[in-house]
Amino acid sequence: MRLRSLQLVLTDDCNFSCRYCYRRKGPIHMSPAVARGAVRRLLPRMGRDFGLFFYGGEPLLRFSVMREIVPEVRALARAAGRRPRFGLTTNGSLIDDEVLSFLERHRFTLVLSYDGLAQDAQRSPGSGARLRPLIRRILAGGRIRLETNSVFRPDSVGELSASMRGLIEIGVPSICFNLDLMVPWPPETVGVFGRELADLRMSLATGFRRTGRLPVRSMAELLTPALRRCPAAKDRLAVDPRGRIWGCAIFSDWARDYGGAAAVRDFSFGRVGPKDPAFGAKASRVGSRYREFAIEKNESPAGSCRRCSERGRCWVCPAVSALAGGGFHRIPAFVCDLQRIKAREAALLARAVGSV
């Protein structure tokens, strides 16, 4: 296994209580020893250029671990002839001058969880007023690669298009949106999503003709049809706060809160340790479980995804599907409806911009 990235889940805790968050908060934190052990044990399996990404909970609750580990990773990577890059996914509330200086010094990619017009209602009242100047400051600095990720629920999806346009207007170069699939979407809210996405698609096409850019990655990545396969355990691994190794961080969330002992048996590669249990005798068996996750192996109440005309522009994370109540290969009907809309609008956008 040759890895392109390693995800460290620094904590199960968070200082926000977002309405759509599926993670159960808890006072479990990754120790510097576990973080250091994960990097040392897995570095030999990294490619020449690799990414180390920090997740939570809210990872900046453990900024002390980041501050300690990142310089060590640089030194270890340099000695091994490798080049690391760093990333952080955060709600942004704990970013101060010290944190910002650290992120700039190490040229981080910063994924900011920011819900646009739905921010205060869904995440934390008043947080939008603090984050908007922070976004402008980061963009003006130019040393941090900024991405935003926004989540919309059935009751906030009517703000999707305007939220995306607002982020485009202030110059965010990479913008993603996701939908809260932990609650069912009634047909009328699925219809609202369709209208919002059509409006966004037309705005993106107009902007592309003017600038040549498509900053909303959630649409741009679907322009070219391709059968998608889960990248978990293919070129990435994740280590949870307890030191257990998974194919990706979302699987660790699902397993901890919903999957139980069977999930640990089937999807964990073991724990970080001196004997490298992550790649012992059971590695091939665990890896084969992850390799089962491909869009053509899924089905919904409408039928097999293999026969769906939209399958080239559709992808549902298997762990998210399980969290939504469908199971790894069983896509709930409302999720299928939402995905069909997204695929249709991506196809129309590809036609408008010439499948860039």
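Residues 109 to 464 (the working numbering) are what the sequence shown spells out, left to right.
In this text, a Cβ means the ideal position worked out from N, Cα and C, and glycines have one as well.
On a predicted model such as this, the values are computed, not experimentally measured, just so you know.
Nearest to G378 by CA position, among E418, C284, V394 and E296, is which residue? Nearest of E418, C284, V394 and E296 to G378, Cα basis: V394.
According to DSSP, simplified to helix, strand and coil, what is Y130? coil
Run the CB neighbour count on N286, radius 10 Å, all protein chains shown included, and call it buried at 16 or more, exposed below. exposed
Sort F124, G411, R337 and D348 by Cα distance to S201 and report the nearest one. F124
For G250, does the three-state DSSP call read helix, strand or coil? coil
Kindly provide the ranges of any beta strand (DSSP E) runs that are 3 or more residues long and lie completely inside the region 206-259, ordered along the chain. 217-221
Confirm, please, whether the CB-CB distance from V428 to I439 is below 7 Å. Taking the C-beta atoms as reference points, V428 is found no nearer than 7 Å to I439.
So what's P192 in DSSP terms, helix, strand or just coil? strand
One or two residues paired with M154 in a DSSP bridge: L111
CB of F162 within 7 Å of CB of R112, strictly: no
Using a Cβ-Cβ cut-off of 7 Å (strictly less than) and excluding sequence neighbours within five positions of P179, which residues of its own chain qualify? Taking C-beta separations shorter than 7 Å and ignoring five residues to either side along the sequence, P179 has no partners in its chain.
Where T319 falls, given that 16 or more other Cβ within 10 Å makes a residue buried: exposed
Among G165, E176, L114 and S282, which one has its Cα closest to the Cα of A146? When each option's Cα is compared against that of A146, the closest is L114.
Measuring CA to CA, which of I353, S408, D343 and G411 is closest to R399? Measuring from the Cα of R399, the nearest candidate turns out to be D343.
Counting Cβ pairs, one atom from each stretch, are 3 or more of them under 8 Å apart for the region 257-273 and the region 138-152? Of all C-beta pairs linking the region 257-273 to the region 138-152, fewer than three are shorter than 8 Å, placing the two stretches out of contact.
Within the same chain, show all residues whose beta-carbon is closer than 8 Å to that of F316, passing over the 5 residues directly before and after it, in chain order. L322, A460, V461 and V464
Using 8 Å as the threshold, is the region 302-311 in touch with the region 339-357, meaning 3 or more CB pairs across them? The answer is no - the region 339-357 does not touch the region 302-311, with fewer than three Cβ pairs under 8 Å.
Member of E277, P167 and V259 whose CA lies at the smallest distance from the CA of L247: E277
Beta-carbon of P233 versus every beta-carbon of chain B: anything under 7 Å? This model lacks chain B altogether, as it is built from one protein chain only.
Where does the unbroken beta strand (DSSP E) through L345 begin, and where does it stop? R344 to V347
Keeping to the same chain, check which residues put their C-beta closer than 7 Å to that of G302; ignore five residues upstream and five downstream. I449
Bounding residues of the beta strand (DSSP E) (the contiguous stretch that carries G378): Counting along the chain, G378 sits inside the beta strand (DSSP E) bounded by residues S376 to R379.
In chain order, what residues of the same chain lie with their CB nearer than 6 Å to the CB of N406, ignoring the 5 residues before and after it? Excluding its 5 nearest sequence neighbours in each direction, N406 has C-beta neighbours in its own chain below 6 Å: C413, H437 and I439, listed in chain order.
Looking only at its own chain, which residues have a Cβ that is under 6 Å from the Cβ of Y128, when we skip the five neighbours before and after it? V259, R261 and D288
Limits of the beta strand (DSSP E) - the one that R352 falls within: For R352, the enclosing beta strand (DSSP E) covers residues R352 to W354.
Output the distance between the C-alpha atoms of S408 and E329, rounded to the nearest integer angstrom. 23 Å
Contacting residues, own chain, Cβ-Cβ under 7 Å from G433 (five flanking each side not counted): Excluding the 5 residues flanking it on each side, G433 has same chain C-beta neighbours closer than 7 Å at P440, in chain order.
Can you tell me the Cα-Cα spacing of S360 and L151, whole angstroms? Distance between S360 and L151, taken at the CA atoms: about 21 Å.
With distances taken between CB atoms, is the gap from M327 to Y130 smaller than 7 Å? Taking a C-beta distance under 7 Å as the contact criterion, M327 and Y130 do not qualify as a contact pair.
S282 - containing beta strand (DSSP E), residue span: S282 to L287
For A334, which of helix, strand or coil comes out of DSSP? coil
Looking at L168 and T198, is the spacing between their C-beta atoms short of 7 Å? yes
N- and C-terminal bounds of the alpha helix (DSSP H) containing R399: Per DSSP, R399 belongs to the alpha helix (DSSP H) from A391 to R399.
Can you give me the C-alpha to C-alpha distance between G351 and A183, rounded to a whole angstrom? Approximately 22 Å between the Cα atoms of the pair.
Classification of L118 by the beta-carbon crowding that lies within 10 angstroms, buried from 16 upward: So L118 ends up on the buried side.
N- and C-terminal bounds of the alpha helix (DSSP H) containing W293: Careful: W293 lies outside any alpha helix (DSSP H) and carries neither H nor E.
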